[in-house]
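*Asks:*
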Amino acid sequence: MSQETPASQTEARIKTKRRISPFWLLPVIALLIAAWLIWTSFDDRGSTITIDFQSANGIVPGRTPIRYQGVEVGTVQDISLSKDLSKIEVSASIKRDMKDALRKETQFWLVTPKASLAGVSGLDALVGGNYIGMMPGKGEPEDHFVALDTQPKYRINNGELMIHLQAPDLGSLNSGSLVYFRKIPVGRVYDYSLNANNQGVTIDVLIERRFTNLVKKGSRFWNVSGVKADVGLSGAKVQLENLSALVNGAIAFDSPADSHVASQNDEYHLYEDLAHSQRGVVVTLDLPDGDGLKAGSTPLMYQGLEVGQLSKLNLNPGGKVTGEMTVDPSVVTLLREKTLIQMKKPKLSLDNPSISTLLTGNTFELVPGEGEPRNHFSVMPADKALLDEPNVATVTLSAPESYGIDGGQPLVLHGVKVGQVLERKLTAKGGNLSGCH
């Protein structure tokens, strides 16, 4: 009987699989973060440029920003003197997305706050400190620039309108002087320069984007700087646009409604004042005579307000006097077929005791009427205005004397004015009085 050999027992071995400990992931993550930070810092640094300044006052390395349209696009990194000590070299970094703007004609300048009686310029620099302004230009890529002494002449934002005014002199205007339309500020004087022939000045005016439609091809501009005073026995009349116009000068303008909108760099003449601008509607006049009338002075009155002015006087063949009058556009709708323009001569009487009328001289009075629009009128003296009324009766009175009676005096019935004296004539039998009622 054979003996069976027992099978050998198999031993099981337990092996543990080695895994990377999570602890070792931390250095890897730290290295990745450090690499990302280094790359971000290098990428954000962008381009390094050099700007030459005459002075470094107010420029601080690491703090003074470079701005374009109010957005920070770079920072000053270092300041050093040039080798010949003639200028200051400012090293600055520009953000990567502005690299394409660094070209030969790109301009830089230092912006600092300036205060005067007219106001404060560079207010953002007053709050946040000095900064370097930037205006992208054209040309080949460049990394070295020379800073301007002042901001560039034509720094126009999108939508703004630049126009040019021609004047014999600058007067009291200055950079920053406001431009008004119906007493609302709509722009400012941007810059000024002598004309090519040195016979006048060109004033560059910048109109804000929301008001550009107010400037038309037929617009007229006039100076409203300073104070104008008219003193008489009736009191003192002082004309002042506003305090800013007194301190820093100002310009006003008006535009016809039917004119086309102005284009960039259109040119206009700057008039001395509103009267010289002749802004208004021109009407022609047939005058009884030219006694006491003066072009550029005799006013047209309506309800106590001056609404026009005599602009021209003509003596025609045969001795007939005609004239032209510039009327404010606001009363043009009153100029109709039955409208009357009367000429009043100053006269001191019981009916008109105001001494101030002797100082004003002759005036025209507008009496509105109905009918179709018109621009030609026959002017009559105010004391004969009743002759233009319908159903007016004219009578002639004879008297041995007419002391104290003159044309224009009223004809009264039971205390009510029913007519007036037209004229007084001397005859062989005494005086004749013509009147109407």
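So for the sequence shown, full-length UniProt numbering puts the first residue at 1; every next one is plus one.
Note that CB positions come from ideal geometry on N, CA and C, so glycine has one too.
1) Among Gly74, His414 and Thr333, which residue has its Cα nearest to the Cα of Ala375?
2) Tell me whether Trp24 is buried or exposed, calling it buried when 16 or more other Cβ atoms sit within 10 Å of its Cβ.
3) State the DSSP-derived secondary structure class of His144, mapped to helix, strand or coil.
4) Alpha carbon to alpha carbon, how far is Ile207 from Lys83? Give it in angstroms, no decimals.
5) Counting pairs of beta carbons, one from the segment 327-341 and one from the segment 299-314, are three or more of them closer than 8 angstroms?
6) Leaving out five residues on either side along the sequence, give the residues of the same chain with a beta carbon under 7 angstroms from the beta carbon of Gly139.
7) Alpha carbon to alpha carbon, how far is Ser263 from Leu161? Give it in angstroms, no decimals.
8) Assess contact between the segment 144-151 and the segment 48-67, defined as three or more Cβ pairs (one per stretch) separated by less than 8 angstroms. Is contact present?
9) Tell me the residue span of the beta strand (DSSP E) that contains Met325.
10) Does the separation of the CB atoms of Ile94 and Ser47 fall below 8 angstroms?
11) Can you tell me where the beta strand (DSSP E) holding Ser311 begins and where it ends?
12) Assuming Gly74 is part of the beta strand (DSSP E), what are its boundary residues?
13) Would Gln409 and Val395 be called neighbours here (beta carbons separated by less than 8 angstroms)?
14) Does the segment 30-41 come close enough to the segment 66-75 to have 3 or more Cβ pairs within less than 8 angstroms?
15) When the distance is taken between beta carbons, is Gly323 closer than 8 angstroms to Asn314?
16) Which stretch, first to last residue, makes up the beta strand (DSSP E) that contains Ile207?
17) Check whether the Cβ of Gly218 lies closer than 8 angstroms to any Cβ atom in chain D.
18) Quick check: the Cα distance between Lys237 and Leu173, rounded to an integer number of angstroms?
19) Leaving out five residues on either side along the sequence, give the residues of the same chain with a beta carbon under 8 angstroms from the beta carbon of Asp169.
20) Quick check on DSSP: helix, strand or coil for Arg103?
21) If I measure Cβ to Cβ from Gly361 and keep anything under 8 angstroms in the same chain, skipping five residues before and after, which residues do I get?
22) What's the call for Ile184, buried or exposed, on a 16-neighbour Cβ count within 10 Å?
23) Look at the alpha carbon of Ser86 and the alpha carbon of Gly58, and state the distance between them as a whole number of angstroms.
24) Can you tell me the Cα-Cα spacing of Ala101 and Glu142, whole angstroms?
25) Note down the Cα distance separating Ser378 from Ser259, rounded to an integer number of angstroms.
26) Sort Val416, Asp273 and Val205 by Cα distance to Asn265 and report the nearest one.
27) Who are the Cβ neighbours of Gly290 in its own chain at under 6 angstroms, not counting the five residues just before and after it?
28) What's the C-alpha gap between Ala252 and Glu337?
29) On the three-state DSSP scale, how would you describe His414?
30) Does DSSP put Ala30 in a helix, in a strand, or in coil?
31) Give every residue of the same chain whose Cβ lies closer than 6 angstroms to the Cβ of Gly235, excluding the five residues on either side of it in the sequence, and list them in chain order.
32) Quick check: what's the CA-CA separation for Arg182 versus Asp254?
33) Indicate the three-state DSSP secondary structure (helix, strand or coil) for Thr112 in the structure shown.
34) Measuring CA to CA, which of Val416, Ser80, Arg210 and Glu370 is closest to Asn158?
35) Could you check what DSSP says for Asn224 in three-state terms: helix, strand or coil?
*Replies:* By the coordinates alone:
1) The displayed chain sequence assigns Asn, not Ala, to residue 375. Checking every option, the nearest Cα to that of Asn375 belongs to Thr333.
2) Flag for Trp24 reads exposed.
3) Strand.
4) 45 angstroms
5) yes
6) Arg103, Lys104 and Glu105
7) 8 angstroms
8) yes
9) Counting along the chain, Met325 sits inside the beta strand (DSSP E) bounded by residues Val321 to Val327.
10) In contact: Ile94 and Ser47 (Cβ atoms closer than 8 angstroms).
11) Leu305 to Leu315
12) Taken as a continuous stretch (DSSP letters only), the beta strand (DSSP E) holding Gly74 covers Val71 to Leu81.
13) no
14) no
15) yes
16) Going by DSSP, Ile207 is part of the beta strand (DSSP E) stretching over Val201 to Ile207.
17) No chain D appears in this structure, which consists of one protein chain only.
18) Interpretation of Lys237 is limited by its pLDDT of 48, a score under 50 that renders its predicted location unreliable; the figure taken from the coordinates is listed afterwards. C-alpha separation (whole angstroms): 24 angstroms.
19) Gly200 and Val201
20) Arg103: strand per DSSP, three-state reduction.
21) Gly292, Lys294, Ser297, Thr298 and Pro346
22) With fewer than 16 other Cβ atoms within 10 Å, it is exposed.
23) 18 angstroms
24) 9 angstroms
25) 30 angstroms
26) When each option's Cα is compared against that of Asn265, the closest is Val205.
27) Leu313 and Val321
28) 33 angstroms
29) coil
30) If DSSP states are grouped into helix, strand and coil, Ala30 belongs with the helices.
31) Confidence in Gly235 is poor, its pLDDT being 41 and thus under 50, which makes the residue's placement unreliable; the coordinate value appears in the next sentence. Excluding positions up to five away in sequence, the list is empty.
32) 8 angstroms
33) coil
34) Arg210
35) The sequence as given places Val at residue 224; Asn does not occur at that position. Residue state, collapsed to three classes: coil.
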